[in-house]
Every structure is written in C-alpha cells, then in structure tokens.
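In what follows, a single structure is set out as structure tokens and then discussed.
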Amino acid sequence: MDLVANLGLGFATAFSPINLALCFTGCLVGTLIGVLPGVGPIATIAMLMPLTFKVDPTGALIMLAGIYYGAQYGGSTTAILINIPGEATSVVTALDGHEMAKRGQAGVALGTAAIASFLAGTVATLVIAAIGAPLTKLALLFGPAEYFGLMLLGLTLAVVLARGSVLKAIIMIVFGVLLATVGTDLETGEDRLTLGLDSLSDGIDFAVLAMGVFGIAEVMRNLDAPETRDVVRASIGRLLPSWADLRRCAGPMLRGTGLGAALGILPGNGAVLAPFASYTLEKKLADDPRRFGKGAIEGVAGPEAANNAGAQTAFIPLLTLGIPPNAVMALMVGAMTIHGVIPGPQVMTKNPSLFWGMIASMWIGNLMLLVINLPLVGLWVRLLRVPYRLMFPAILLFCCIGIYSINNNPADVFFTAFFGFVGYALIKFGLEPAPMLLGFVLGRLLEEKMRQALVLSRGSLMTFVERPVSAGLLLAAAVILVIALLPAVRRGREDAFQE
Amino acid sequence: MTEASAPPAEPTPPWLRQDTAAGLVVIAVAAFALWQGAALTAGSLGAIGAGMLPRALAILFGGLGLVLLVTAMTTDGERLQRWSLRGPIMILAAVITFGLSVRPVGLAVAGPLTVIVGAAASPETRWSETLIFSVVMTTFCVLLFKFALGLAIPLAPWLVGY
C-alpha cells in the first residue's frame with residue numbers, strides 16, 4: 022500500500038538522530054516560550070524562527086512543527102495553571118482546567134490535556150497521511166480561478182468564525198488584503214503604497230506584522246491591565262488521570278478529535294472553532310451539564326483533543342494546496358520559503374522525504390510532548406511564578422532578537438514597533454487582529470491568482486462563474502456570508518462564543 | 006470581557022463610542038491609501054495595472070468604515086477604552102532602542118538597554134532587580150543566539166570586532 026510505504030519513508034527520515042534531536046529541541050523551546058503568559062503560538066514561532074536557519078530544510082520544518090506543538094501545549098499549560106489563555110483556542114481549556122487546578126487537580130488536568138493532545142495528534146497524523154495524497158492530485162487540477170474561489174471561501178469562513186461583529190471582521194480582512202498590496206507590483210514592477218521607503222518595496226514582512234500585532238501589542242495590552250495572575254497555589258497533585266477519569270474522557274477525546282480534524286481542514290481557520298464546538302457538544306451530551314465550568318474533566322479532554330487535532334490538520338490546506346489557512350501556517354510558509362521550499366502540491370512529488378518526514382515528525386512531536394512535559398510540569402509552574410515585571414522585558418528582548426535575525430535588518434525592528442502600536446490601537450478600537458493577518462496572508466496569493474485568471478480569460482470576469490468548481494466555491498462563499506448576516510444566526514453565533 | 010458587553014446604564018454619547026472612532030480611523034486610512042496610490046495606473050480587467058487593486062480595496066475599506074461609522078452614530082455601543090501612555094510609549098521606545106543600537110554597539114549593549122528602557126513601561130519595576138536581570142538575560146541571549154546558534158547578530162563590534 023502506498024500509504025504504508027510513504028509513512029515508512031517519513032519515519033525513516035524523522036527517526037534520524039539529528040531530526041529527532043531537532044524535533045525534541047523544537048518541542049522543548051516551543052513549550053518554554055509558549056508557557057509565558059500572553060505569548061501565543063504565533064509570537065512564539067516568529068520569535069524562534071531564527072533557531073532553524075542553520076538547519077537543512079527538512080530538519081528546519083521538523084523543528085518548526087515541534088515548536089508549534091510545543092507552543093500549543095504551552096498555551097494549554099498557561100490556561101490551566103493561571104487562567105491566561107495564550108490564544109483563542111485555549112480559552113475553552115481555561116474554563117474547566119483552571120477550576121480543576123484550583124481544586125488541587127492541576128496535575129490531572131495537565132495530564133488529561135497531554136493525553137488528549139497525543140491521541141488527537143495521532144489520529145490527525147493519520148488523517149493527513151491518508152488524504153494528503155488524493156487532495157494533492159485534486160489540487161493539480163485547480164486553475165487560478167478555482168484557487169481564487171477557494172481563497173475567497175476561506176476568507177468568508179474566517180469572517181463567520183471570527184469573534185465579535187461580522188462587519189468589523191470583514192473590515193479587518195479587507196485591511197489585511199490592502200496591506201498585502203504594499204510593495205512592488207507583481208507584473209509591472211512599480212512600487213505601490215510604499216511611501217517612498219526602500220524597505221517596503223519587497224512588501225511588508227509577515228513575521229514583522231505578526232510579531233507586532235501579536236507580540237509587542239500583547240505586551241502593551243497586558244501592561245494596561247493590573248497584574249491579576251492567580252498562579253495556582255494548591256499542589257499540582259498527581260499527573261496521571263485515574264482509570265475512571267480516563268474512561269469518562271474517552272468519548273469526549275474521540276469526539277473532540279473528530280470535530281477538530283474535520284474543522285481544521287477548512288481553508289478559513291476552522292481550527293479556531295473546534296474547541297468551542299467540542300465544549301458545547303460535551304455539555305449537551307453530559308448527564309449533568311452543571312458540572313461544566315466547575316472543573317469537569319470532560320471539559321478539558323474534549324476541547325484539548327479538538328484543539329490539537331485542528332492545529333494539525335490545518336497543515337492539510339498548506340501542504341496540499343499551498344494555501345495557509347491561518348496565521349501560524351502563514352509563518353510556516355515564510356519559514357519554508359526561507360529554506361527554498363514553496364508550499365503546494367509540488368512539495369509531495371518533488372520532495373517526498375521532506376513531506377512525509379514532516380508528517381511522521383508530527384506524531385513523534387506529539388509523543389515527545391507527552392514524555393517531556395509531564396515531568397517538567399514543576400518547572401513550568403516555577404516559570405509562571407516569575408512576576409510579569411520581569412517577564413515582559415525578557416519577552417521584548419526575545420522579540421527584538423528574533424525579528425532582527427530574520428533578515429539582519431534593523432528596519433524590520435522599527436516596523437515591528439510600528440505594527441505593535443497598530444495592534445494596540447486595533448485592540449482599543451475593538452478590532453480583532455486575527456482576520457487581518459489571514460487577509461494579509463492570502464492577499465498576495467489572491468491577487469496573483471485573480472490576475473492570472475483574468476489574463477487567461479482576456480479580462481472577462483465571467484471566468485469565475487463559468488468554470489463549475491470556481492462557481493461552486495464562490496456560491497458557497499456567498500451563501501455562508503448571507504447566512505452569517507441573518508439576524509437569527511448572528512445571535513446564535515454570539516451565544517456560541519459567549520460560552 | 007463579559008462586563009464590557011453588558012449594555013451600559015446610560016447610552017454613550019455617539020462621539021465617544023468605540024465604533025465611531027474605529028470608523029473614522031478606517032476612513033482616514035482608506036483616504037491615505039487612495040492618496041498614496043493616486044499616481045498608479047489602474048489599467049483594465051484584461052491588463053490590470055498596479056493601481057487597480059490598491060484603489061479598489063481602499064474604496065471598499067473606506068466604504069465599510071463608513072458603514073461602521075453610521076451604525077455607531079445611530080445605535081448605542083461601547084465607550085472608547087482609555088489609552089494608557091506610559092506602557093505603549095516605553096515599549097515602543099525599547100524596541101526602537103534595540104533597532105538603533107544593535108548594529109553600532111552590538112547585542113552586548115543593546116540587550117541591557119532594551120530591557121531597561123522596556124522595564125520603564127511598568128510602574129511595578131524595581132530598578133536594582135531590573136539592572137541585574139538585564140545583564141543576566143543578555144548573557145543568556147548571547148550564549149544562546151550568538152554562540153549556540155551562530156546567528157549573525159553583532160555582539161560588541163567596539164570591543165571584540167564582531
């Protein structure tokens with residue numbers, strides 16, 4: 022069977038000592054930075070990207086993937102121990118996880134989270150391996166018009182999945198696409214909206230933008246709020262959940278994995294929705310829903326599984342279609358490009374050991390997280406007791422070194438400061454930066470594909486509706502947008518995010 | 006977050022609402038983009054020029070901003086949050102300090118400077134502690150980024166020549 026042979030190749034690549042070491046280091050430092058409160062996976066990856074520069078492309082991607090899982094797991098740890106979720110997807114974990122921690126069950130909550138993540142990671146790895154190849158074949162049939170339709174669908178989904186007002190989410194996406202047009206025009210070579218600055222003629226660097234709005238701005242926002250970190254004082258307790266706990270969690274974990282894996286594949290950051298969906302589902306299915314929010318172990322197991330499965334299947338649109346579905350995957354594009362790998366359907370055929378090695382390393386990374394994190398819980402707790410007045414200057418310094426090292430260019434550091442201010446302003450205006458990042462990520466690709474499609478059709482916009490696949494995708498996007506704007510659905514959507 | 010979304014007892018005056026300000030800023034940014042892109046040629050659908058997309062997006066952006074502004078003026082909403090000055094200004098100053106100093110004096114000096122300037126952002130900072138911490142953090146970063154990873158970041162050009 023192809024799948025077995027491919028996974029065999031992958032594991033052979035990933036199990037080389039150097040790649041194992043890279044995967045291990047990635048998981049460890051990813052968790053270390055990801056544990057810091059207010060530092061989510063995006064800022065973590067942007068900060069740690071320079072660590073991978075001296076490594077060969079396969080090793081670098083394995084390490085980056087490790088950093089990503091580490092950061093995800095670190096975020097859950099922070100959510101459980103101090104109730105500060107590093108990013109949207111660990112908000113749900115904080116609900117019941119932190120309650121468990123307050124009751125002296127922090128260890129069990131962390132252990133359950135780790136086991137759920139591992140299970141979800143294992144299933145998600147198989148899902149990627151199984152549908153990666155067929156989807157890649159499908160992707161080769163896509164022309165520019167179809168890509169354009171798919172990306173528009175992704176952006177529409179992102180609007181629906183964003184928190185807060187639909188109008189504001191659309192505004193932020195358009196802003197992102199507008200920012201993406203800054204720089205040299207793809208075809209004519211003219212400078213666009215560069216304000217006459219040389220450093221802008223290559224466009225705005227994605228890592229700079231992401232680090233500004235998710236790293237620097239986050240520090241500013243945290244300083245605004247007085248320090249209210251309640252690091253769990255109760256003992257951590259034992260780490261491994263009891264047999265009865267595990268039996269109770271098995272269902273939620275499996276359902277969460279399924280939800281996460283399915284939503285993560287969607288091109289518009291569906292993974293964000295997965296933990297919320299899983300939490301709501303488990304609450305509905307529970308014998309006694311009142312336990313939720315008061316330390317129900319199912320409320321940790323389900324969403325954590327969903328979160329991790331979604332985080333991993335989000336690689337599918339990137340690896341098969343070359344379309345990053347969220348900001349983290351966009352950073353992966355950046356990192357891959359630095360190493361001369363252009364994400365897309367060609368990667369699998371041209372560079373099979375890289376493709377399958379990375380997939381195999383995903384599973385190894387999840388296993389390592391389970392092995393290294395449980396014994397290190399004590400260390401993370403001690404790290405979290407460091408007061409923010411010391412932590413934030415350190416975070417700042419890491420951000421600066423990370424950004425400078427990407428291009429060895431001080432101008433990048435200045436732009437990061439600028440976007441940090443922009444990010445702070447956006448927070449104050451109640452505008453979510455996440456959709457902007459997605460708009461920015463897809464913007465350049467969207468423009469490229471649209472222009473290619475129009476050149477092929479000699480300027481006729483009809484090309485987007487005459488081709489059946491493209492028309493179907495655009496229709497789906499339109500329907501989703503209309504549904505999202507219906508008053509009844511709007512209210513339901515607000516309720517879903519209120520949980 | 007939950008308290009903020011509860012309806013305020015008294016309606017917020019329209020010009021103090023968060024969305025009013027957001028709408029105005031969006032329109033201003035759109036106008037700026039239109040002005041900056043004014044010289045670019047739009048071309049036609051068959052041969053799209055450099056200016057078509059920036060212009061179309063700016064118009065769309067500004068239009069949406071206008072919708073936001075009008076909605077905010079006509080329906081009650083959240084009040085604009087208070088902006089703090091010290092935190093953001095010192096954080097920005099720290100990052101800019103790093104950018105200005107890393108090339109000429111290297112990480113050995115830029116590191117402590119960044120930590121110290123940044124620490125001024127918080128009223129809780131204890132200076133003696135911060136001074137020691139800045140040296141410790143810089144040493145750690147030098148060992149990690151410069152020696153363990155071999156990044157090209159300057160260390161102390163005035164002292165060791167790189």
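Heads up: the sequence lines are chains H and B, in that order. Per this note's numbering, the first sequence runs over residues 22 to 520. Per this note's numbering, the second sequence runs over residues 6 to 167. The C-beta atom is built at its ideal place from N, Cα and C for all residues, glycine as well. In this text the structure is predicted, and so the values were computed from the model without any measurement.
Identify the continuous alpha helix (DSSP H) that holds leucine 97(B) and give its terminal residues. 91-110
For the alpha helix (DSSP H) that proline 262(H) lies in, which residues bound it at each end? Taken as a continuous stretch (DSSP letters only), proline 262(H) belongs to no alpha helix (DSSP H), as it is neither H nor E.
Is isoleucine 158(B) close to chain H, meaning its C-beta is less than 7 Å from at least one C-beta of that chain? yes
Buried or exposed: which applies to tryptophan 88(B), given that a residue is buried once 16 or more other Cβ atoms fall within 10 Å of its Cβ? exposed
Whole-Å CB distance - valine 110(B) paired with serine 139(B), under 8 Å assumed: Actually they are not in contact, since the Cβ atoms of valine 110(B) and serine 139(B) sit about 14 Å apart, beyond 8 Å.
Consult DSSP for arginine 488(H) and reduce its assignment to one of helix, strand or coil. coil
Chain H contact for phenylalanine 66(B) (CB, 7 Å cutoff): yes
May I have the straight-line CA-CA distance separating valine 293(H) from threonine 209(H), to the nearest angstrom? 38 Å
Do you know how far the Cα of threonine 341(H) is from the Cα of leucine 24(H)? 16 Å
Comparing C-alpha positions only, which one of Ala432(H), Ala183(H), Thr34(H) sits nearest to methionine 457(H)? Ala183(H)
Under 7 Å between beta-carbons, which chain H residues line up against valine 107(B)? List them in chain order, please. Tyr425, Pro431
Compute the Euclidean distance between the alpha carbons of alanine 271(H) and asparagine 394(H), then round it to the nearest angstrom. 21 Å
Report the partner residues of arginine 22(B) according to the DSSP bridge assignment. Arg84(B)
Residue(s) in a DSSP beta bridge with isoleucine 53(B): Gly48(B)
Of all the alpha helix (DSSP H) runs that stay within the bounds of the region 41-117 of chain H, which reach a length of 4 or more residues? 62-69, 78-103
Start and end residues, alpha helix (DSSP H) containing isoleucine 424(H): 409-428
Do three or more CB pairs link the region 38-52 of chain H to the region 214-226 of chain H at distances below 8 Å? no
Spell out a yes or no on whether the region 319-337 of chain H and the region 141-148 of chain H are touching, meaning 3 or more CB-CB pairs, one atom from each, closer than 8 Å. yes
On a Cα-Cα basis, can you pick out the residue from Asn429(H), Ala295(H), Thr484(H) that is closest to valine 112(H)? Ala295(H)
Member of Ala26(H), Ile83(H), Glu487(H) whose CA lies at the smallest distance from the CA of asparagine 387(H): Ile83(H)
Same chain, Cβ closer than 6 Å to glutamate 120(H), neighbours up to 5 away in sequence not counted: Lys315, Gly316
Grouping DSSP H, G and I as helix and E and B as strand, with all else coil, what is glycine 5(H)? The requested residue 5(H) does not occur in the structure, where chain H is confined to residues 22 to 520.
Quick one: measure Cβ to Cβ for valine 114(B) and serine 127(B), integer angstroms, because I've assumed they're closer than 8 Å. In fact, because the Cβ distance is near 22 Å, the residues do not count as touching under 8 Å.
If you draw a straight line from the C-alpha of glycine 29(H) to the C-alpha of glycine 42(B), how long is it? 53 Å
How is arginine 213(H) classed by DSSP in three states: helix, strand or coil? strand
Nearest residue (CA-CA) to glycine 80(H), options Gly47(H), Gly95(H), Gly91(H): Gly47(H)
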